[in-house]
Structures are given as C-alpha cells and as structure tokens.
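Heads up: the protein sequence lines correspond to chains A and B, in order. So for the first sequence, our numbering puts the first residue at 1; every next one is plus one. So for the second sequence, our numbering puts the first residue at 295; every next one is plus one. Even for Gly, the Cβ is constructed at its ideal location relative to N, Cα and C. Below is one structure, written out as structure tokens; comments come after it.
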Amino acid sequence: MTVTLNAPARPKSRNRTLTRFRRNPAAIVGLVVCLLIVLAALAAPWLAPHDPDFQFPEGLTLEGAPQPPGGLYPLGTDLLGRDLLSRLIWGARASLTVGFVANGAAVLLGVLIGALGALTRGWVGTAIMRFTDVMLAFPVLLLAIALTAILKPSLWIVALVIALINWVPIARVVYSEVASLREREFVEAAGAVGAGAGRILTRHILPHLIPTALVWGSLGVGTTVLLEATLSFLGVGVQPPTPSWGGVINESQSYLTTAPWLVLAPGAAILLTSLGFNLLGEGLRDALDPKGGR
Amino acid sequence: MLIFAARRLLAAIPTLLVVTLLVFALVRLLPGDPARLQLGEEATPQALTELRHKMGLDRPVAVQYVSWLGDLGQLNLGRSLQDNTTVSSLIAQKLPTTFELALLSLLIAVALALPAGILSALRPGGALDRLVTLLALSGISLPTFFLGILLIYIFSVNLAWIPASGYVGLSENAGLNLKLMLLPAVTLGVGSAAVLTRFLRSSLLEVLNQDYVRTARAKGVAGRLVIVKHALRNALIPVVTVLGLQLGGLLGGAVVTEQIFSVPGFGRLLVDAVFTRDLPVIQGMVLTSAALVFLVSFLVDLAYGAIDPRVRFG
Chain A
1 MTVTLNAPAR
11 PKSRNRTLTR
21 FRRNPAAIVG
31 LVVCLLIVLA
41 ALAAPWLAPH
51 DPDFQFPEGL
61 TLEGAPQPPG
71 GLYPLGTDLL
81 GRDLLSRLIW
91 GARASLTVGF
101 VANGAAVLLG
111 VLIGALGALT
121 RGWVGTAIMR
131 FTDVMLAFPV
141 LLLAIALTAI
151 LKPSLWIVAL
161 VIALINWVPI
171 ARVVYSEVAS
181 LREREFVEAA
191 GAVGAGAGRI
201 LTRHILPHLI
211 PTALVWGSLG
221 VGTTVLLEAT
231 LSFLGVGVQP
241 PTPSWGGVIN
251 ESQSYLTTAP
261 WLVLAPGAAI
271 LLTSLGFNLL
281 GEGLRDALDP
291 KGGR
Chain B
295 MLIFAARRLL
305 AAIPTLLVVT
315 LLVFALVRLL
325 PGDPARLQLG
335 EEATPQALTE
345 LRHKMGLDRP
355 VAVQYVSWLG
365 DLGQLNLGRS
375 LQDNTTVSSL
385 IAQKLPTTFE
395 LALLSLLIAV
405 ALALPAGILS
415 ALRPGGALDR
425 LVTLLALSGI
435 SLPTFFLGIL
445 LIYIFSVNLA
455 WIPASGYVGL
465 SENAGLNLKL
475 MLLPAVTLGV
485 GSAAVLTRFL
495 RSSLLEVLNQ
505 DYVRTARAKG
515 VAGRLVIVKH
525 ALRNALIPVV
535 TVLGLQLGGL
545 LGGAVVTEQI
555 FSVPGFGRLL
565 VDAVFTRDLP
575 VIQGMVLTSA
585 ALVFLVSFLV
595 DLAYGAIDPR
605 VRFG
C-alpha cells in the first residue's frame with residue numbers, strides 16, 4: 001500500500017484550491033452562468049420553443065414588422081417572422097462550438113509551441129519565439145477579418161482562423177513558465193538520472209502547465225465568443241441562415257427604433273457568455289495561484 | 295541612447311521581413327488566381343495568360359516576393375481592383391480620420407481608467423474595488439458593436455442629443471466633428487479603459503508595497519499625497535507601455551466602430567474591401583496596420599529605455 005503513503009499530499013492542495021474557488025462568489029456566478037449556457041446549447045432541440053428557421057406567417061404584424069415579445073414568442077420575432085428565443089438558443093451552439101473548438105485548439109497549439117520554444121535551446125527556440133513576435137504585430141481583429149474573408153467565411157473557417165491567431169499569447173505565457181521550470185532542480189534531476197527530452201516534457205513539465213491551460217481554456221472562450229460575434233456581426237463570420245448572436249444583431253440593426261429587442265437580447269447573450277467565462281477564468285486563476293493577479 | 299535605438303532597429307529588421315513574407319503568403323498562396331479574380335469567371339484563357347504575365351504571376355514565387363518587396367520599398371502597395379487608385383493613396387486618405395478616432399478614444403480611456411484604477415487600489419478587496427473590478431471585466435466582455443448600438447439607441451434614438459451617423463472633417467468644422475466623433479470614441483475607448491484600469495490597479499498595488507512608499511508614509515505624508523506624488527509616478531511607467539500596445543486593438547476596434555457610425559476611416563475601407571474581395575487593398579491594409587503596431591511598439595521601447603536606464607543596459 002505504498003500508494004496511500006504518497007496520496008494525501010495532492011488531494012490536500014487540490015482541496016485548498018477548491019475551497020478558495022468556492023469562497024469566491026464571482027467565480028461561482030461565472031461557473032453557474034457558463035453551465036447554464038452550455039446546457040442550453042446542448043438541450044437546444046428540446047429547449048427551443050420553435051424551429052429556429054421557420055418563418056411563421058403570423059410571426060409578422062399586418063404591416064410586416066416583427067412581433068414584440070410575449071405570448072407565443074417569448075422574446076418576439078425577427079424581421080422574417082422567426083422566433084427570436086429559439087434562434088438565440090440555437091445561436092448558443094454556434095458561439096460555443098467556435099468558442100470551445102477554436103480556443104481548445106489555440107490552447108493546445110500555444111502550450112506545445114511555447115513549451116517547445118523554451119525547451120529547444122539554440123536557433124529553433126529563438127526562431128519560434130521571434131515568430132510569435134511577428135504574429136503579435138498583427139491586430140487580431142483586422143487579421144481575422146482579412147483571413148476569413150479570403151478563405152470564404154463559415155463556422156469552421158471562423159474557428160480555424162481564431163485558433164490560428166489566438167495561440168500566440170498563450171505560447172508567450174507558456175514559454176516564460178517553461179523557461180523558469182527548466183532551470184528548477186527537479187527537471188535537472190530528471191535529466192541527471194537519464195530522462196530524455198520527451199519524458200521530461202510529458203512527465204515533468206506538462207503537469208505544471210495544467211493550471212495555465214485551465215485558466216486560458218476558460219478566459220479564452222470568453223474572448224473567442226466575442227471575436228466570433230464580431231466577425232458574424234460584420235458579415236464575415238457564421239453565415240445565415242445558421243443562427244448566431246452576432247448575425248442576428250447584424251440582420252436587425254436597422255430595426256433598432258421599432259424592434260429594439262432584436263438587438264438587446266442577442267447582445268445580452270454575448271455579454272453574459274463572455275462575462276461568465278471571464279469570471280470563471282479569473283476565479284480559476286485566483287484559486288490555482290493565489291499570488292497571481294493580486 | 296542612440297546606440298540603444300540603433301540596436302533595437304537592427305533587431306527589428308528580420309522581424310519586419312517575416313511580417314512582409316506572411317502578408318505576401320496570405321494572399322499569394324491561398325486558393326484562387328488573382329488574375330481570374332480581376333477578370334471574372336468568363337475570362338478567356340488567352341486574356342488570363344496575358345494578365346498573369348503582366349502581373350508577373352508566371353515567374354517563380356521567390357522572384358515575385360522580391361519584386362513585391364522592391365515595390366514596398368517605394369511605398370507602392372499596388373492598385374485597388376475596384377477603381378485602379380493606388381492602395382497607398384487610399385490608405386493615406388483614410389488613416390488620419392482613424393488616428394483622430396483612436397486618439398480621442400485613448401483620451402477617454404485614460405480619463406476613465408486613471409480615477410477608477412486609483413480608487414480601486416486604495417482599498418484592495420473593498421466594496422469599491424470589487425465594483426470597479428466587475429465593471430472593468432464587463433467592459434472587457436462587452437462587444438464593441440453592441441456598445442456602439444446601445445449608445446446610438448440611448449443618445450441618438452431616445453434622447454436625440456447626437457445624430458447617429460454622419461461625418462464632417464476636422465478641418466471643415468471642428469466643433470461638429472468632435473460632436474459626431476464623441477459616441478464612436480466612447481464606444482472604442484471603453485474596452486481600452488477596462489484594460490488600463492486593471493493594469494493600473496495591479497501596477498499601483500505593487501508600487502504601494504515598496505519600501506520608499508512605506509518610508510513616505512512613516513515620515514507622515516498623508517495617504518492621498520503618497521498615492522499621487524510617490525506611487526502614481528512610478529506605477530504609470532508600465533501603464534504607458536500598455537497604452538502604446540493598445541494601438542493594435544484600437545485599429546481592430548475601429549473597423550467595427552466606423553462600420554456602425556459610418557465614419558469614413560481605415561476600418562470602413564477594410565470592410566468595403568472585404569465585401570468587394572479587393573485583395574490588393576486587404577493585403578496593403580494588413581501590412582500597414584502591422585507596420586504601424588510595430589512602429590509604435592518600437593517607439594514605446596525607446597521611450598521606456600529613455601525613462602528607465604536599466605532597460606538600455608540590461
């Protein structure tokens with residue numbers, strides 16, 4: 001039973017992290033908001049009151065204007081007579097798909113490239129980090145607009161482009177972390193007893209990067225959702241008729257005076273989602289590393 | 295100082311070259327033939343071959359890159375596919391408007407962030423600090439385009455104080471120009487204000503823990519005076535850096551803001567170019583914005599070296 005001898009050390013620190021997280025009301029609010037939105041996206045087929053793409057004949061007033069909130073359509077209808085609430089619930093799928101896929105890929109790329117840059121001394125490492133310098137010179141939104149436009153916009157292209165841009169800051173953070181880790185005694189000791197570069201990376205370095213990956217995994221979803229919404233709003237993101245929050249606002253901008261709910265509801269959804277993941281990410285950071293950010 | 299500047303400039307050259315290589319690849323290596331794009335789908339094979347030859351597309355890629363780089367050296371970014379005007383003149387014509395917008399929004403950002411950051415750092419963990427922190431995080435989570443539309447809804451539609459769109463040049467009517475630029479500048483500035491507030495807060499908290507601040511307190515300097523005279527000055531140094539680095543974000547945000555408020559600037563030009571698939575314009579604009587960000591971070595580096603000698607010799 002040698003396992004039990006070593007076991008208590010880790011759960012204890014994990015417990016402390018959990019306690020810190022639980023005592024942070026902002027983090028809990030963030031977690032609840034994120035869970036609710038993820039659940040809504042997953043349960044969209046059952047949760048949405050109507051087909052998001054169906055244009056109800058009675059969904060428009062006699063003058064052809066969108067129906068105000070209430071009755072059959074809890075949040076009103078859009079300019080084509082479709083149920084807004086159903087479109088928003090299905091739109092959560094587009095936002096979160098891009099959010100998780102693009103950000104997941106960015107975190108993976110960022111961790112691998114950052115770690116590689118720090119571990120390979122010599123010109124390869126220098127070249128990798130110089131390349132991140134170059135990438136940082138491009139304004140994110142401008143580059144994203146140009147790339148999606150050239151590649152012909154769609155949900156997966158948006159995810160690809162965001163992943164190709166967002167790994168850069170993660171790689172910088174991971175690089176400096178690994179650069180300080182590789183000087184520590186336990187890495188030196190592993191090398192001294194004959195562990196190769198691959199084993200040092202997977203067994204000794206990567207576990208230390210889990211907190212960073214978790215924090216960026218959450219914060220990054222917030223920024224990614226914002227970026228996707230912005231691209232869709234500009235018309236170079238998720239394409240209609242697929243419902244997306246930014247797209248709904250783009251379509252209904254000109255109805256601002258007569259049907260403000262068409263802009264307010266999806267805007268609130270974007271703000272809430274982004275804020276939720278930001279609160280969760282900051283809460284995770286404070287819980288995992290109480291010194292950082294304080 | 296001059297040696298420091300020269301060293302930094304020399305180090306920047308390879309990076310800038312890679313920037314140009316990436317921008318070149320961005321358009322040239324992606325699917326689609328620029329000649330066909332210019333002539334349309336019905337072009338005859340002969341016309342295509344001729345145009346390809348004229349554009350130099352039949353030469354090896356490396357030769358194309360070098361000749362393109364040569365053109366860049368003479369500030370020749372090619373011509374717009376729309377009306378054949380030079381890309382450089384288009385950009386030069388639109389940039390001043392966007393610079394004005396960016397400058398105004400930076401002013402607004404500083405005006406908001408300075409008091410918010412100080413108030414928040416006075417009593418870390420207090421009610422006011424938590425409120426500011428939450429507001430700053432909301433500012434970061436708020437999509438620029440949504441904020442812009444909200445401001446139009448409140449100030450143009452409901453209160454009818456400011457027209458929602460329209461643009462008058464600064465030289466034509468400065469007063470009206472500023473009035474029309476106010477909402478766009480606020481829209482663009484709020485995000486930067488949020489970032490700056492958070493940065494100023496942590497920078498101040500770090501400085502407030504240092505010995506010389508404790509010495510000032512021990513001497514009996516009043517609490518507020520310590521902040522303003524001793525802590526703020528040093529805390530602002532890193533903040534200035536962040537301020538400079540905001541430019542990239544502002545250029546991106548200007549795309550959205552100018553679109554919503556119909557401001558005829560750099561961002562509006564990009565959106566128009568995207569929808570007409572005007573590749574030379576898109577390419578030129580991506581390159582120009584990267585060069586601008588690079589230039590500003592270079593200047594910030596120099597300023598930092600001037601303020602803090604340790605950077606120069608480190």
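{"Item": "How would you label Tyr175 (chain A), buried or exposed, when you count the other beta carbons within 10 angstroms and need 16 or more for buried?", "Value": "buried"}
{"Item": "Can you list, in chain order, the residues of its chain with a C-beta nearer than 8 angstroms to that of Pro240 (chain A)? Leave out the 5 residues immediately preceding and following it.", "Value": "Gly247 and Glu251"}
{"Item": "Using the Cα positions of Tyr598 (chain B) and Gly420 (chain B), report the straight-line distance between them to the nearest angstrom.", "Value": "33 angstroms"}
{"Item": "Could you name the residues of chain B that Arg87 (chain A) contacts, counting a contact when the two beta carbons are closer than 7 angstroms?", "Value": "Residues of chain B passing the Cβ test: none, with the nearest at roughly 17 angstroms."}
{"Item": "Starting from Phe588 (chain B), find everything on chain A with Cβ-Cβ shorter than 7 angstroms and list it in chain order.", "Value": "Ala137"}
{"Item": "Let me know if Trp167 (chain A) comes out buried or exposed under the rule of 16 or more other beta-carbons within 10 Å of its beta-carbon.", "Value": "buried"}
{"Item": "What in chain B is Cβ-close to Pro69 (chain A), meaning under 8 angstroms?", "Value": "Result: empty, since nearest Cβ-Cβ is about 16 angstroms, beyond 8 angstroms."}
{"Item": "Would you decide whether Leu5 (chain A) is buried or exposed? Buried here means 16 or more other CB atoms lie within 10 Å of its CB.", "Value": "Interpretation of Leu5 (chain A) is limited by its pLDDT of 45, a score under 50 that renders its predicted location unreliable; no figure is taken from the coordinates."}
{"Item": "Should Ile434 (chain B) be flagged as near chain A, meaning a C-beta pair shorter than 9 angstroms?", "Value": "yes"}
{"Item": "Go ahead and pull the three-state DSSP assignment for Asp78 (chain A).", "Value": "coil"}
{"Item": "So who's on the other strand from Gly70 (chain A), going by DSSP bridges?", "Value": "A:Tyr73"}
{"Item": "Under 7 angstroms, CB to CB, which of the residues in the region 223-238 of chain A have a partner in chain B?", "Value": "Leu226, Ala229, Thr230, Phe233, Leu234 and Val236"}
{"Item": "Are Leu142 (chain A) and Gly578 (chain B) closer than 9 angstroms when you measure CB to CB?", "Value": "no"}
{"Item": "Starting from Arg298 (chain B) and walking both ways along the alpha helix (DSSP H), at which residues does that stretch end?", "Value": "Correcting the residue type first, residue 298 (chain B) is Phe in the shown sequence and not Arg. Here the alpha helix (DSSP H) through Phe298 (chain B) covers Leu296 to Arg322."}
{"Item": "For a minimum of 4 consecutive residues, which ranges assigned as the alpha helix (DSSP H) are wholly contained in the region 527-605 of chain B?", "Value": "560-569 and 573-601"}
{"Item": "Whole angstroms are fine: how far does the CA of Leu231 (chain A) sit from the CA of Trp261 (chain A)?", "Value": "21 angstroms"}
{"Item": "If contacts are defined as beta-carbon pairs under 8 angstroms, then Glu183 (chain A) and Ser95 (chain A) qualify, I think. What distance do you get, rounded to the angstrom?", "Value": "That belief does not hold up - the Cβ atoms of Glu183 (chain A) and Ser95 (chain A) are roughly 41 angstroms apart, past 8 angstroms."}
{"Item": "Using 10 angstroms around the beta-carbon of Ala506 (chain B), count the other beta-carbons present and answer buried if the total reaches 16, otherwise exposed.", "Value": "According to the sequence shown, residue 506 (chain B) is Tyr rather than Ala. Looking at its Cβ environment, which holds fewer than 16 other Cβ atoms inside 10 Å, Tyr506 (chain B) is exposed."}
{"Item": "Among the residues of its own chain, which have a CB less than 7 angstroms from the CB of Gly350 (chain B), if the five just before and after it don't count?", "Value": "Gln358 and Ser361"}
{"Item": "Taking Ile446 (chain B) as the query, report the chain A residues whose CB atoms sit under 9 angstroms from its CB, ordered along the chain.", "Value": "Leu256"}
{"Item": "Helix, strand or coil: how does DSSP classify Thr380 (chain B) here?", "Value": "strand"}
{"Item": "Which of the three DSSP states is assigned to Asp53 (chain A) in this structure?", "Value": "coil"}
{"Item": "If you reduce the DSSP assignment to three classes, tell me which class Asp83 (chain A) lands in.", "Value": "strand"}
{"Item": "Going by DSSP, name the residue or residues bridged to Leu60 (chain A).", "Value": "A:Pro66"}
{"Item": "Check whether the Cβ of Ser583 (chain B) lies closer than 9 angstroms to any Cβ atom in chain A.", "Value": "yes"}
{"Item": "Helix, strand or coil: how does DSSP classify Arg353 (chain B) here?", "Value": "coil"}
{"Item": "When you compare the CB positions of Asn15 (chain A) and Gly283 (chain A), do they come within less than 9 angstroms of one another, or not?", "Value": "no"}
{"Item": "Between the Cα of Pro297 (chain A) and those of A:Thr257, A:Arg285, A:Phe233 and A:Thr258, spot the shortest distance and give me the residue it belongs to.", "Value": "In the structure displayed, chain A extends from 1 to 294; residue 297 (chain A) sits before or after that span and is not available."}
{"Item": "Arg495 (chain B) lies in the alpha helix (DSSP H); which residues open and close that run?", "Value": "Ala468 to Leu502"}
{"Item": "For Arg373 (chain B), which three-state DSSP category applies?", "Value": "strand"}
{"Item": "Applying a beta-carbon distance threshold of less than 9 angstroms, which residues of chain A neighbour Leu429 (chain B)?", "Value": "Neighbours of Leu429 (chain B) on chain A: none; closest Cβ ~11 angstroms, over 9 angstroms."}
{"Item": "Hey, does Gln387 (chain B) have any beta-carbon neighbour from chain A nearer than 9 angstroms?", "Value": "no"}
{"Item": "Kindly indicate which residue of A:Gly237, A:Asp83, A:Trp90 and A:Tyr255 has the alpha-carbon position closest to the one of Gly43 (chain A).", "Value": "In the sequence as presented, Gly is not what sits at residue 43 (chain A); that position holds Ala. Of the listed residues, the one whose Cα sits closest to Ala43 (chain A) is A:Trp90."}
{"Item": "Over what stretch of residues does the alpha helix (DSSP H) that includes Phe131 (chain A) continue unbroken?", "Value": "Trp123 to Ala137"}
{"Item": "Measuring only the C-alpha atoms, how far is Leu304 (chain B) from Ile443 (chain B)?", "Value": "45 angstroms"}
{"Item": "What are the residues in the region 262-288 of chain A lying within 9 angstroms of chain B by C-beta distance?", "Value": "Val263, Leu264, Pro266, Gly267, Ala268, Ile270, Leu271, Leu272, Thr273, Ser274, Leu275, Gly276, Phe277, Asn278, Leu279 and Glu282"}
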